[in-house]
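J.: Using the UniProt record's numbering, the first residue of the sequence shown is number 1, and each one after it goes up by one.
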Amino acid sequence: MAPSISISILIVALWVLYILMRSTTMVIAAGSVAASNSSALELEAKALLESGWWADYSNDTSLNHCKLNGIICNAGGSVIQIDRGRYYQGDEISNLNISSFPNLVRLDLSRNWLTGSISVEIGTLSKLTYLDLSFNNLTGRLPPSFGNLTRLVKFDISSNFIVGLIPKELGNLTNLTYFSVHDNQLIGELPLSLANLARLQVFDISYNLVSGSIPNGLGNLKNLIELRLSHNKFTGAIPSALGLLTNLSILDLSFNKINGSVVPEIGLLKNLLQLDLQKNNLTGPIPLSIGHLTNLDSLSLSMNQINGHIPLEIGNMKNLSYLNINNNKLIGPLPSSLGHLTNLISLFLDSNQVNGSIPPEIGNMTNLEDLHINNNNIVGPIPLTMGHLISLQTLSLSGNQISGSIPVHIFNCSLLDYIVFSHNYLTGSIPFMNSSLFPLRWIDLSYNSISGGEIPLSGIDFLDVSYNNFNGSFPNLIGDMALLYYFNLSNNKIVGQVPSIIGQLTGLHTLSLSWNQISGSIPKEIAHCKGLSELVLSHNYLTGSIPSQISDLPFLNAMDLSYNTISGQIPFKLGDSQPLELLDLSCNNLTGNIPDLSASIKEVNFSHNSFHGRIPVGYFNYAPSAFIGNKDLCGDVKGFPPCPSNNRSIVHQIKFFVPLIAFPIFLLLGYFFRSQCRVRKMSSELRESKNGDLFSIWNYDGKIAYEDIIEATEDFDIRYCIGTGGYGSVYKAQLPNGKIVALKKLHRLEAEDLNFDKSFRNEVKILTEIRHRNIVKLHGYCLHKRCMFLVYEYMERGSLFCVLRNNAEAVELDWMKRRLPPPNRLVAHDIFLVAAISFACLRAKPKSRPTMKSVSQEFLCHKKPKMNPLHAVSVWQLRNQETYMVGESETHSESPCFLVEKDNV
Numbered sequence: 001m002a003p004s005i006s007i008s009i010l011i012v013a014l015w016v017l018y019i020l021m022r023s024t025t026m027v028i029a030a031g032s033v034a035a036s037n038s039s040a041l042e043l044e045a046k047a048l049l050e051s052g053w054w055a056d057y058s059n060d061t062s063l064n065h066c067k068l069n070g071i072i073c074n075a076g077g078s079v080i081q082i083d084r085g086r087y088y089q090g091d092e093i094s095n096l097n098i099s100s101f102p103n104l105v106r107l108d109l110s111r112n113w114l115t116g117s118i119s120v121e122i123g124t125l126s127k128l129t130y131l132d133l134s135f136n137n138l139t140g141r142l143p144p145s146f147g148n149l150t151r152l153v154k155f156d157i158s159s160n161f162i163v164g165l166i167p168k169e170l171g172n173l174t175n176l177t178y179f180s181v182h183d184n185q186l187i188g189e190l191p192l193s194l195a196n197l198a199r200l201q202v203f204d205i206s207y208n209l210v211s212g213s214i215p216n217g218l219g220n221l222k223n224l225i226e227l228r229l230s231h232n233k234f235t236g237a238i239p240s241a242l243g244l245l246t247n248l249s250i251l252d253l254s255f256n257k258i259n260g261s262v263v264p265e266i267g268l269l270k271n272l273l274q275l276d277l278q279k280n281n282l283t284g285p286i287p288l289s290i291g292h293l294t295n296l297d298s299l300s301l302s303m304n305q306i307n308g309h310i311p312l313e314i315g316n317m318k319n320l321s322y323l324n325i326n327n328n329k330l331i332g333p334l335p336s337s338l339g340h341l342t343n344l345i346s347l348f349l350d351s352n353q354v355n356g357s358i359p360p361e362i363g364n365m366t367n368l369e370d371l372h373i374n375n376n377n378i379v380g381p382i383p384l385t386m387g388h389l390i391s392l393q394t395l396s397l398s399g400n401q402i403s404g405s406i407p408v409h410i411f412n413c414s415l416l417d418y419i420v421f422s423h424n425y426l427t428g429s430i431p432f433m434n435s436s437l438f439p440l441r442w443i444d445l446s447y448n449s450i451s452g453g454e455i456p457l458s459g460i461d462f463l464d465v466s467y468n469n470f471n472g473s474f475p476n477l478i479g480d481m482a483l484l485y486y487f488n489l490s491n492n493k494i495v496g497q498v499p500s501i502i503g504q505l506t507g508l509h510t511l512s513l514s515w516n517q518i519s520g521s522i523p524k525e526i527a528h529c530k531g532l533s534e535l536v537l538s539h540n541y542l543t544g545s546i547p548s549q550i551s552d553l554p555f556l557n558a559m560d561l562s563y564n565t566i567s568g569q570i571p572f573k574l575g576d577s578q579p580l581e582l583l584d585l586s587c588n589n590l591t592g593n594i595p596d597l598s599a600s601i602k603e604v605n606f607s608h609n610s611f612h613g614r615i616p617v618g619y620f621n622y623a624p625s626a627f628i629g630n631k632d633l634c635g636d637v638k639g640f641p642p643c644p645s646n647n648r649s650i651v652h653q654i655k656f657f658v659p660l661i662a663f664p665i666f667l668l669l670g671y672f673f674r675s676q677c678r679v680r681k682m683s684s685e686l687r688e689s690k691n692g693d694l695f696s697i698w699n700y701d702g703k704i705a706y707e708d709i710i711e712a713t714e715d716f717d718i719r720y721c722i723g724t725g726g727y728g729s730v731y732k733a734q735l736p737n738g739k740i741v742a743l744k745k746l747h748r749l750e751a752e753d754l755n756f757d758k759s760f761r762n763e764v765k766i767l768t769e770i771r772h773r774n775i776v777k778l779h780g781y782c783l784h785k786r787c788m789f790l791v792y793e794y795m796e797r798g799s800l801f802c803v804l805r806n807n808a809e810a811v812e813l814d815w816m817k818r819r820l821p822p823p824n825r826l827v828a829h830d831i832f833l834v835a836a837i838s839f840a841c842l843r844a845k846p847k848s849r850p851t852m853k854s855v856s857q858e859f860l861c862h863k864k865p866k867m868n869p870l871h872a873v874s875v876w877q878l879r880n881q882e883t884y885m886v887g888e889s890e891t892h893s894e895s896p897c898f899l900v901e902k903d904n905v
């Protein structure tokens with residue numbers, strides 16, 4: 001009995017001892033865990049405070065770190081969320097020891113101007129699901145350790161300065177739904193591993209330097225809603241696999257180098273709202289399947305090389321608000337189905353090769369605000385239905401062949417503020433009855449044939465009606481004109497004076513009235529236009545002097561008063577306080593000294609006036625052509641004599657000695673000149689009886705002589721001959737002063753013809769009086785029975801024939817450079833005129849060719865031949881234009897123009 005009791009007691013004792021030991025171990029373990037957790041929390045708190053981002057609490061060691069702004073902890077006090085977006089710290093990202101937060105689930109440090117690179121330790125945040133480091137100044141590369149964040153749902157490092165490749169390890173983030181690295185400097189190709197991100201909904205790598213082709217594997221991302229690859233360097237074709245992304249609402253491949261055609265599979269994306277393929281190298285037609293995108297709100301195919309017609313099916317996309325297919329190679333007429341797009345707000349069809357007329361159905365688009373059909377081949381009138389576009393604000397039809405008048409109905413568009421109709425064939429009058437009723441701010445009607453109507457100025461910012469047929473006096477300036485900053489009335493037929501009320505245009509920056517028939521003086525009130533930076537009044541009949549008040553214009557940058565009859569001196573303060581860079585006062589009657597404006601001036605022309613005195617030192621590097629035609633100028637400019645010395649001692653000596661020796665010298669000179677006159681008279685009579693007018697040559701720079709010509713060409717050696725025509729041969733000669741000229745030496749047969757003398761003299765007379773851009777300048781001539789020649793300005797690059805004859809130069813002048821847009825009616829008239837004259841000059845019989853006098857008169861006259869559109873004029877018709885001004889004896893009494901119609905061209 002006793003032994004059994006002892007055994008039982010021993011067993012109980014051992015059991016109690018085990019329990020005590022077990023409890024002790026658990027207590028010790030619990031204490032160890034508590035100590036460990038306490039240490040981890042302390043590390044988190046320390047990392048937060050030492051970052052300096054919570055500077056207000058950096059000295060408070062007793063503060064619970066979970067109560068800091070933007071910090072959220074779990075039940076155990078460990079940080080699970082750091083949200084410091086939009087705090088604009090401006091510190092290094094490394095200030096925060098990111099590895100101290102093993103339980104972090106959300107990290108948002110966006111918009112903080114953080115600098116430095118992303119640490120590889122970010123890969124230790126294995127529980128992270130949300131990462132946003134966007135809109136900072138982070139640099140360096142994306143660490144491959146990002147691939148460890150397999151729980152990540154959102155990855156946004158956009159708008160930084162990250163460089164290098166996209167790591168292939170990002171393909172491990174299979175839980176990602178949002179991936180954005182846009183606006184960085186990433187390079188290389190897209191890693192194929194990104195095709196593993198099957199849950200991805202937003203994929204944005206736009207605005208980087210990513211290259212290579214778009215991988216077909218992107219077609220696996222069938223949950224994609226947004227695919228943005230724009231502004232990179234992608235090449236190759238659009239993969240047809242993109243047609244599998246049927247949930248896609250935004251597809252942006254713009255601003256790359258993608259080639260090939262727009263794949264028809266694009267029509268499968270029936271949920272698509274925005275399709276942007278602009279600025280690539282796409283070719284081929286617009287696929288008909290594009291009409292299946294009936295939910296599409298925005299379509300941009302602009303700046304490609306897409307060709308073919310605009311498909312009728314485009315009218316099926318009735319939800320379209322924005323349609324941009326400009327800058328392509330589209331042809332054919334505008335489809336009437338465009339009228340179905342009644343929700344359209346912006347329509348850009350400009351810079352294509354679309355032809356035909358504007359369909360009247362365009363008037364159905366009553367929500368349209370912007371309409372651009374400029375730079376095409378549109379013909380016919382502006383449809384009256386255009387007046388139905390009551391929401392229209394911008395209308396651009398320039399660069400077409402639109403004819404007829406501007407319909408008054410267009411001003412039913414009461415919101416219209418921008419009109420550009422330039423470079424067309426519009427005629428008639430401007431129908432603006434009261435522009436103050438409309439918010440019009442910008443009007444460009446230049447390069448048409450509009451001839452009448454009131455030019456609107458009230459409330460306008462920009463007005464260009466140049467190159468039209470406006471005539472009569474200067475338009476009335478009435479109403480609110482303070483907003484007008486650009487006014488171009490050049491190349492019309494305006495007469496009369498510029499009214500002093502022009503000074504009311506106080507906001508004017510540019511005023512161009514050139515190539516009119518404006519007379520009178522420049523009104524001094526123009527100085528009230530304090531913002532004026534460009535003043536162009538050339539090629540008119542202006543008289544009087546330059547108003548001194550022009551010197552008070554503080555922003556005057558360019559002034560062109562050339563080709564008038566302005567007299568007086570240049571205002572001495574001109575350019576003192578102005579940023580004047582261009583000044584053209586050529587071909588006037590100005591006198592006095594030339595002021596030194598070289599400190600700011602970049603281009604200047606004082607030629608063909610009556611200036612005298614020294615050319616300022618600041619102009620010594622300018623071309624002599626800027627000063628020619630002023631016979632009393634001197635200085636160190638090539639072609640002008642040096643100025644006399646100003647040494648006062650020499651002047652004093654001259655004043656002292658001249659009175660002493662003047663009388664005897666005059667006696668000797670008188671005797672000498674009287675003797676010489678007798679000798680010269682006898683010699684001259686002898687020469688004229690033998691040879692005629694031996695040295696009748698115009699010394700254009702005071703230095704040319706007959707001997708210089710003979711020496712420069714070695715008596716017209718064949719080596720200097722650069723061309724031969726029906727009347728003579730052309731030689732290239734370099735004169736002793738370095739000037740290169742072209743010499744047209746007439747054939748001996750012409751020179752010996754006594755009847756040719758009068759014609760030659762008349763031709764020279766006309767050419768010396770002409771200043772025209774299409775006529776080569778005549779420098780001088782020689783009239784002699786044995787040798788007759790003309791001295792012309794040498795044209796360095798020669799004729800178009802010379803360029804095309806040289807293989808290298810012909811390649812440089814490729815077809816793109818030779819191609820011109822269809823000319824407007826005024827330009828077409830000029831082309832017709834020049835071509836007809838050119839053919840007349842090529843006639844087989846020299847006697848039947850027009851003289852230079854008749855050619856020059858034809859260029860200078862304003863009469864235009866009646867003609868069909870230029871594309872309808874044949875070469876045969878140009879060659880068969882009759883002339884009634886073959887010689888001077890046949891000059892028509894009523895008109896100087898020699899071309900008349902033979903076939904009603």
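We put the beta carbon where it would ideally sit given N, CA and C, even for glycine. Owing to the predicted nature of the structure, the values given are computational and were not obtained by experimental measurement.
(1) Identify the residues that DSSP records as bridge partners of Thr139: which are they?
(2) Considering only their Cβ atoms, is the gap separating Asn609 from Tyr593 smaller than 8 Å?
(3) Run through the region 181-229 for me and flag every whole beta strand (DSSP E) of 3 or more residues, listed as ranges in chain order.
(4) Would you please verify whether the beta carbon of Cys587 is less than 8 Å from any beta carbon of chain C?
(5) Which partner residues does Gln81 have in the DSSP bridge list?
(6) Identify which residue in Asn412, Gly428, Tyr425 has its Cα closest to the Cα of Leu440.
(7) For Thr342, report the span of its alpha helix (DSSP H) as first-last.
(8) Using the beta-carbon count (16 or more within 10 Å), is Asp632 buried or exposed?
(9) Does DSSP classify Pro624 as helix, strand or coil?
(10) Once DSSP output is grouped into helix, strand and coil, what is the label at Thr174?
(11) Could you tell me the distance, in whole angstroms, from the CA atom of Glu369 to the CA atom of Tyr485?
(12) Looking at the unbroken beta strand (DSSP E) that takes in Asp252, where does it start and where does it end?
(13) Using 8 Å as the Cβ pair cut-off and three pairs as the minimum, do the region 360-379 and the region 390-401 touch?
(14) If you compare alpha carbons, which of Ala840, Gly453, Ser514 is closest to Pro431?
(15) Hey, Phe234 and Ser213: beta-carbon distance below 8 Å or not?
(16) Taking Ile306 and Lys329 to be in contact with their CB atoms under 8 Å, please state how far apart those CB atoms are, rounded to whole angstroms.
(17) Hey, which unbroken runs of the beta strand (DSSP E) at 3 residues or more fall wholly within the region 469-552?
(18) Give the DSSP-derived three-state secondary structure of Leu41 in the structure shown.
(19) Whose C-beta lies closer than 7 Å to the C-beta of Ser337 among residues of the same chain, with five residues either side of it excluded?
(20) Do you know how far the Cα of Leu272 is from the Cα of Met303?
(21) Within 10 angstroms of its Cβ, does Leu323 collect 16 or more other Cβ (buried), or is it exposed?
(22) Once you ignore the five residues that flank Ser586 on each side, which residues in its own chain have a CB closer than 6 Å to its CB?
(23) Count the other CB atoms within 10 Å of the CB of Met481; is the residue buried (16 or more) or exposed (fewer)?
(24) Mind checking Ala34: buried by the 16 CB within 10 Å criterion, or exposed?
(25) Using DSSP with H/G/I as helix, E/B as strand and the rest coil, what is Glu169?
(26) With 16 other CB atoms within 10 Å as the buried threshold, where does Met795 fall?
(27) Taking the alpha-carbon positions, what's the Ser357 to Tyr447 distance?
(28) By the DSSP assignment, the alpha helix (DSSP H) with Ile710 in it spans what residues?
(29) Can you look up Lys46 in the DSSP assignment and give me helix, strand or coil?
(30) Exposed or buried, what is Tyr792 when buried is set at 16 or more other beta-carbons lying within 10 Å of its beta-carbon?
(31) Mapping DSSP to helix, strand and coil, what is Val651?
(32) Expressed to the nearest angstrom, what Euclidean distance is found between the alpha-carbon atoms of Thr124 and Asn148?
(33) Buried or exposed: Asp132, going by 16 or more other Cβ atoms within 10 Å of its Cβ?
(34) Thinking C-beta only, is Ala712 closer than 8 Å to Ala742?
(35) Under the rule that 16 or more other beta-carbon atoms within 10 Å means buried, what is Tyr88, buried or exposed?
T.: Considering the structure as presented:
(1) Ser117
(2) The residue you asked about is not Tyr; residue 593 is Asn in the sequence shown. Contact flag unset, no.
(3) 185-187, 202-204, 211-213, 226-228
(4) Reference to chain C is not applicable here, since this structure consists of a single protein chain.
(5) Ile72, Arg106
(6) Asn412
(7) Segment: none, Thr342 is in no alpha helix (DSSP H) and carries neither H nor E.
(8) By the neighbour-count rule (16 or more Cβ atoms within 10 Å), Asp632 is not buried but exposed.
(9) helix
(10) In the three-state DSSP reduction, Thr174 falls in the coil class, being neither helix nor strand.
(11) 25 Å
(12) 250-252
(13) yes
(14) Gly453
(15) Yes, these two residues count as a Cβ contact at 8 Å.
(16) 7 Å
(17) 471-473, 486-488, 493-496, 510-512, 517-520, 534-536
(18) Reduced to three states, the DSSP call for Leu41 is helix.
(19) Leu312, Ile314, Gly315
(20) 21 Å
(21) With 16 or more other Cβ atoms within 10 Å, it is buried.
(22) Only Ser562, Asn605, Ser607, His608 meet the Cβ criterion.
(23) buried
(24) In this prediction, Ala34 scores a pLDDT of 46, lower than 50, which makes its location untrustworthy; no coordinate-derived value is stated.
(25) Looking at Glu169 - three-state DSSP - the assignment turns out to be helix.
(26) exposed
(27) 20 Å
(28) 706-713
(29) helix
(30) buried
(31) In this predicted model, Val651 has a pLDDT of only 46, less than 50, meaning its place in the structure is not dependable enough to derive any value.
(32) 7 Å
(33) So Asp132 ends up on the buried side.
(34) No, the Cβ-Cβ distance between Ala742 and Ala712 is not below 8 Å.
(35) Around the beta-carbon of Tyr88, fewer than 16 other beta-carbon atoms lie within 10 Å, marking it exposed.
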